[in-house]
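Residue numbers (mature numbering (1 follows the signal peptide of the UniProt record, and there is no 0)): -19 to -1, 1 to 326.
Ideal Cβ placement from N, Cα and C applies to all residues, glycine included.
Notes to accompany the following structure.
Have a look at this one:
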C-alpha cells in the first residue's frame, strides 16, 4: 500500500502542492492560492538615493541586535523589534496568470540586493520591499522603509516541478544605508558544511494558526529555533524533491515555516555570534505547517557563485567560515593534535 504525503511548494505562498508516495513518484497539482496580508500595512518612509554610496558589505554582516527566543513561527514567539535587521517583507503583484497580490519573505545581503525564493517571483510584475520593519500595522515605525522595483533575477535552473533552483535576487532601485535597524546577513562559503544536527533560526511574518495552510498572517515578525536533519531523513518523507540543493529542518514540536514565510532565511549562528544564511525557505508539508513534518530550504552554498556573479558580492573566505561548524572544529582540533604528536615523535 502506498502512503501519500503532500508537499506545499513553489514556496508556500503559491499554495502549489505535490503528492508524493513512498515510492518517490511525484504528481503535482496547483491549488491556485496565494498568501495575502490580512491587515493594512501602513506607508513607511520613502527611501531616497544616497549622496555617497556605502560599501556593498562591511565587517558587521550577520550581527543581530537582541538575544533570540526559542519558539515557533506558527503561533510562536514574537521577535524583539529589529532583532534580525536583514529581514525583508515582500508584497508582490502578479499579472499572470491572474492579477493578484501576495506576500513573501526575503533577506538583505548587500546595500542593493535582496535574496528570496524564485517561486515567490513567478509572474511577478511589481515588488514592494520593506526593510527595518517589525509590526507591519504600526504607524510609528520611523525606521521602516519601503520601495518598489521590477528588477529581479530567478536562478536559471529554477523548475517549479522539481523545486530545483528555488532561489532569486531582487535588485533595489537605490542603495541602502546600513543602520542599527537595517543590516545585511552573511553568506556562506561554497564549502559550507552540511550543518546536520546544528541549531538554526527561522523568521517570518507567515501564518501563525489555522488548519493546514489556512490561517492569518502575523502582523509582527516571529522567530523559532529548530535543528537541521540529514537529507536522507528528509528524502524518506518527501522523495526525489530532496537533492543536494536542499537543506531540511526538523518539524519537531511544530516548529517550521508556514505560508508567507517562504523566501525567508534559515540562519546559522557562528561561534562569534554572527549569523550566516544557509537556506531560503521553499516548501513544507501540505498536511499543515504545525504537523511536525520537516520544512525544506534551498541550500545557499550551492548557489553562492551565481549570487556573486550577479551581484559582485565577494564569496566568503571558505577557510574562515568552515571552522564555525562544531564538527569541523573537532576535526581541526584532532588534526592539530595528530600533527603535534608526529612532530614530537
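Sheet register partners of residue i (DSSP bridge)
i	result
residue 151	95, 133
residue 104	Residue 104 pairs with nothing; no bridge assigned.
residue 88	68, 96
residue 198	188
residue 141	According to DSSP, which records beta bridges pairwise, residue 141 is partnered with nothing at all.
residue 261	279
residue 225	Paired residue(s): none; residue 225 is not in a bridge.
residue 58	204
residue 180	208
residue 157	DSSP, once it has assigned bridges, lists no residue as partnering residue 157.
residue 74	82, 107
residue 116	201
residue 376	In the structure displayed, the chain extends from -19 to 326; residue 376 sits before or after that span and is not available.
For residue i, the three-state DSSP class (helix, strand or coil)
i	result
residue 235	helix
residue 211	coil
residue 220	helix
residue 249	strand
residue 286	helix
residue 204	strand
residue 171	coil
residue 8	Bear in mind that a pLDDT of 24 at residue 8, under 50, signals an unreliable position, so the model cannot answer this.
Presumed contact (8 Å Cβ cut-off) between residue i and residue j, rounded CB distance
i	j	result
residue 151	residue 129	That belief does not hold up - the Cβ atoms of residue 151 and residue 129 are roughly 11 Å apart, past 8 Å.
residue 222	residue 143	7 Å
residue 238	residue 276	5 Å
residue 145	residue 226	6 Å
residue 256	residue 86	So it is not a contact: roughly 15 Å between Cβ atoms.
residue 197	residue 189	7 Å
residue 104	residue 75	4 Å
residue 148	residue 136	5 Å
residue 297	residue 170	5 Å
residue 94	residue 292	5 Å
Chain C within 8 Å of residue i, Cβ atoms only
i	result
residue 249	Chain labels in this structure do not include chain C; a single protein chain is all it has.
- Taking 8 Å as the threshold, find out whether the segment 236 to 248 comes into contact with the segment 256 to 267 through three or more Cβ pairs. Contact holds between the segment 236 to 248 and the segment 256 to 267, because three or more Cβ pairs, one in each stretch, are under 8 Å apart.
- Query: Taking contact to mean at least 3 C-beta pairs separated by less than 8 Å, is the segment 140 to 157 in contact with the segment 198 to 216?
  - Reply: Between the segment 140 to 157 and the segment 198 to 216, the count of C-beta pairs closer than 8 Å stays below three; the two stretches do not touch.
- Is there contact between the segment 165 to 177 and the segment 85 to 105, where contact requires at least three CB pairs shorter than 8 Å? They touch, by the three-pair rule.
- Message: Within 8 Å, do at least three Cβ pairs link the segment 216 to 236 to the segment 196 to 204?
- Response: They do not touch, by the three-pair rule.
- Message: Does the contact criterion of 3 or more C-beta pairs under 8 Å hold for the segment 58 to 66 versus the segment 96 to 107?
- Response: No contact exists between the segment 58 to 66 and the segment 96 to 107.
- Message: Pairs of beta-carbons, one from the segment 254 to 261 and one from the segment 279 to 297, closer than 8 Å: are there three or more?
- Response: Result yes; three or more Cβ-Cβ pairs closer than 8 Å.
- Flag this pair as touching only if the segment 70 to 77 and the segment 107 to 125 have three or more C-beta atom pairs under 8 Å; answer yes or no. Counting Cβ pairs under 8 Å, three or more are found: they touch.
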